[in-house]
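Input: a single structure, listed below in structure tokens.
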Amino acid sequence: MGRPGAEESGQESGSAVCFCVRAWPEYSRRVGATQTGRGLPRAGPGPASDRRSSDELELCPEFMGTRRNNLIVMGLVVILLGVAAYLIFIRQPVTESTQLGLDLQGGVSAQLKGSQTGGGKVTREEMELASNLIRQRIDRLGVAEPDVRVQGDDQITVQIPGVENPEEVIDIIGSTAQLGFYRVLDSEIQQGIPQDEVPEARTEIEEDLKDDDAFQDGEAKVLFEKSPMPGGGGGGTYVAGYVLNETPDMTGDAIQQDGATVEPSPTTGKRQVSIQLTGEGGRQFGDLTQEIVSEAAPTGQPGLLAISLDEDVISAPQVTEPIIGGQVSISNDGLPEGLPEDEATQLETVLNTGALPVSMEVIAQNTVGPTLGTASLRSGLTAGLVGFALVLVLLLVIYRALGLVADLALLIYAFLLWGIVVAVPITMTLPGIAGIVLSVGVAADANIVIFERIKEEIRRGKTSRTAIAAGYEKGFRAILDGNVTTLITAFILFALSSSTVRGFAVLLVIGVVVSMFTAIVVTRALLGLLSDRGVHLPPGMMGVSKKSIGQQQPERVR
Amino acid sequence: MFPNLDFVGGWRIWFAISGALLLLSAGAIGIGRLNLGIDFQGGAQFTVVNAESQPSDEEIAGALPAGIDREAVLVQTLGDDGYEVRTPVLSEGERREAQDALSEVFGVQADEVGVTNVSAAFGGQVRNQALQAVAAALIVIVVFISFRFEFGFALAAMVALVHDILMTVGFYAIVQREVSLVTVVAVLTVLGYSIYDTIIIFDRIRENAPTVGYNRRRFDEMVNVSIRQVVRRSIYTSVFSLIPITALLIFGEATLADFAFALLVGIAAGTYSSIFIASPVLALYKAWRAGRLRSPRTA
């Protein structure tokens, strides 16, 4: 302080960013005249120059903002760089600092659509509940950090990085897991069916059963059980159809919290899933098995109990006496080990987390292998780095000293952006890389707009200092309007699109905002400090040939 | 730059060039050359990188399970040892079988075969969202420019925007690249870029425009001068944006390369349209307005 112009600069010392331009008076007056009322929001030179007379402007010789402001800006940049460096390199090893999306590290993502079993509309609450249940199911599988979120009214996106068995995971998250217990009214079994004839066998069984007396339209339905024949894949498939009441006699509500466990059967030692029922459930189950026994008594054959998960029968044991005590087990005695291990785990997981309130359909699914992910990451990085390096070189060639400053600002930009990506944290995806690459172009452009303006002013015979000041002041408005429209498109993309596109939108927004900061505020402070140090930039060092100076007079516009 | 080029007066030439290209684009879209990917139609897509063997397209299609329509299977190569196989919508079981079969044909582990499976319903939803996003962006941008500039500028910018979008989509149809969700992102980006480029020029016109009075000859000349003042920046900016984009086109894998291609066309079109379409349209609109304001009295 204590220099001429301190009063003016004092007004804005509250903000580190000072757009106060004290360019030559004749110029400012013209801007004030054409710009009144629609110039820059706050801090704009328009209204300010309206208030001041040209004499007052002469008192303000600091073209490039005060030295103090410039030092504050650079200090801020150094602090931000320090924070970014800490976040990226020191807090954890650098290879772990950036969260990679599924497309870059491999994994599975699925889009699920919920619907009522009857076809009605689902509520937001039901979807929230369903997404919580799905998250619990995935957590029980012990895979790394799933991302489960409700999208729109009736959809859920699930993203699970680095899964080894994507198929199984999709099965588990998508199944409604509505458990049903039924008395079997009639059944038909076909054994040893080759894999590709299973559909025909099903149709045949279904037609047979529908002709049966036990099947009454509207009150009964046919569900199927399908499992490999004992003795391995060569034996074909066991297909059974059961005529059941339309609504289950008992549902999964009868199961006690966390009541399902995988264990070897006490009698045969084969793998089975034991289910502990609630008190009420146990009584109901007693009644149901009693009914099965007494209904079957006249026929002389033992009655069957069908246990279904969603619309598939998973087990249909014979019931020879009423079962009381509320303990049920699901087993497959036909196979040497009992239930296959993955099937047992799946059953345990879905039974313990409970049924989803709505039925879920997988409408889109994407699995990315780890090799593919690494290849994408490598190609994206190569493209980004090569593009970035070329931009740096070209800026240097065209704008010489100014280009050097711009290069420095672009490097700061890249580093800060990385810091933000790590800090938030934002998951990097391929569209995200595209967004960053694009924002490099935008960042370079902000410099180009300003530098071209500076060169233009120099050709008109202005000194470097005045030209630089004018370049920033006049360039800023165009850049602001341009970037606001880019931000508008980015916001619309974010609001109206699916998660893939959002990654792009988010990085574009952050990229644009950070680039505005580095390309305008930081380069300005750097140039300001340079000229304060008495560094004089001859036109040649800014890419203006001596010949052209003064030749291109300001064109007469009117 | 271009001291003798009459940007406004030569509008018939610029419009004819664009008109011819747009006709070509519209024609290509019209005869259904647009290669809609599974994001829009539904279907399954299998991706393999680092394939051990190099089977022919017939071998690949032949390896797929019997239920899949061979005619509808599309095989694309990605680089030296990458493949992309597209099929119609598959059931869960078919998908698994196809995945196993392909991993065998290519000699890779089953979990190295990337799969994307999109139902037709989801494809329709994506298409609608994309159209909504483009429409919403256009409307908001018109409002924004009308507010920051005036309606004539917004109208001219809009003409340029539609020009660029049509051109981008049209070139996509001509070279038959696959249109995916990423293409929509690219189109919206082109939209943002094109408007940005137009605004830089309009900003100069706004700055140079007299506050009162309109005179066609003076206004048109002023527009020409304004363009000459900023045209170097327009070209440099395009070059600077196109550098990283070209890098993406060369080094990026399929998705990124598709994205880069759309941007390449769109940004080139956007730079051209800001100078040769948006500015003449603005000048013509001003002339038309001025004519209309005067004529009702005399007519």
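If you read the protein sequences in the order shown, they are chains W and P.
With the first letter of the first sequence counted as 1, position 383 gets the number 382 in numbering that gives the first Met the number 0; the numbers rise by one all the way through.
With the first letter of the second sequence counted as 1, position 90 gets the number 89 in numbering that gives the first Met the number 0; the numbers rise by one all the way through.
Using N, Cα and C, we set each Cβ at its ideal position, and we do this for glycine too.
- Where W:Ile329 is concerned, the enclosing beta strand (DSSP E) starts and stops at 326-330.
- With contacts defined by Cβ atoms closer than 7 Å, P:Leu89 and P:Ala136 do not form a contacting pair.
- Cα atoms of W:Gly278 and W:Gly105: separation of roughly 46 Å, rounded to the nearest angstrom.
- Measuring C-alpha to C-alpha distances from W:Gly251 to each of W:Ser108, W:Glu347, W:Leu184 identifies W:Glu347 as the nearest.
- A straight line joining the alpha-carbon of P:Gly36 with that of W:Gly161 spans about 26 Å.
- The beta carbons of P:Leu281 and P:Phe152 sit about 6 Å from each other, so the pair counts as a contact at 8 Å.
- According to DSSP, W:Asp146 shares a beta bridge with W:Gln158.
- Shortest Cα-Cα distance from W:Gly386 to any of P:Ala286, P:Ala259, P:Phe275, P:Val264 involves P:Ala259.
- In the DSSP assignment, W:Gly431 falls within the alpha helix (DSSP H) that extends over 429-458.
- Residue range 219-227 is occupied by the beta strand (DSSP E) that includes W:Phe223, with no alpha helix (DSSP H) assigned at that position.
- In the DSSP assignment, P:Leu73 falls outside any alpha helix (DSSP H) and lies within the beta strand (DSSP E) extending over 73-77.
- Looking from the CA of W:Ile172, the closest CA among W:Asn68, W:Gly353, W:Gly299 belongs to W:Gly353.
- In this structure P:Pro64 does not touch P:Glu111 by the C-beta definition: roughly 19 Å separates them, more than the 8 Å allowed.
- DSSP places W:Ala315 in the coil class of the three-state scheme, outside both helix and strand.
- Using a C-beta cut-off of 8 Å, the segment 62-77 of chain P makes no contact with the segment 120-129 of chain P, since fewer than three inter-stretch Cβ pairs fall below that distance.
- Neighbours of W:Gly368 across chain P, judged by C-beta separation under 7 Å: Asp110, Glu111, Val112, Gly113.
- The beta carbons of W:Ser96 and W:Ile87 sit closer together than 7 Å.
- Closest in alpha carbon position to W:Leu338, among W:Ser358, W:Asp138, W:Ser264, is W:Ser264.
- Nearest C-alpha to P:Ile30 among P:Val141, P:Phe250, P:Ile173: P:Ile173.
- In terms of Cβ geometry, W:Glu451 and P:Arg215 do not form a close pair [threshold 7 Å].
- If you look at P:Gly113, you'll find it in the beta strand (DSSP E) that goes 113-117.
- Under the three-state reduction of DSSP, W:Tyr241 is assigned to strand.
- If you look at W:Glu262, you'll find it in the beta strand (DSSP E) that goes 254-263.
- Between W:Ala524 and W:Met73, the beta carbon gap of about 5 Å places them in contact (Cβ cut-off 8 Å).
- Neighbourhood of W:Ala200 in chain P, by CB distance below 8 Å: empty, with the nearest CB roughly 15 Å away.
- Nearest CB-CB separation between W:Phe503 and chain P: below the 7 Å threshold.
- The contact set of W:Ser307 on chain P, defined by CB atoms closer than 7 Å, is empty, because the minimum CB distance reaches about 19 Å.
- Around P:Ser240, the beta-carbon contacts reaching into chain W at under 8 Å are Leu437, Gly440, Val441, Ala443, Asp444.
- Counting only residues of its own chain and dropping the five nearest sequence neighbours on each side, P:Ser272 has a CB closer than 6 Å to the CB of Ala159, His162, Asp163.
- Rounded to whole angstroms, P:Arg94 and W:Thr236 show a C-alpha spacing of 20 Å.
- Only exposed fits P:Leu292, as fewer than 16 other CB atoms lie within 10 angstroms of its CB.
- Closer than 7 Å to the CB of P:Leu165 there is not a single CB belonging to chain W.
- In the three-state DSSP reduction, W:Phe475 falls in the helix class (H, G or I).
- Taking C-beta atoms under 8 Å as the contact rule, P:Thr167 and P:Val186 qualify, at a distance of about 6 Å.
- Counting only Cβ-Cβ distances below 9 Å, P:Thr46 has contacts in chain W at Val367, Gly368, Leu371, in chain order.
- Counting of Cβ neighbours within 10 angstroms places W:Leu380 among the exposed residues, the total staying below 16.
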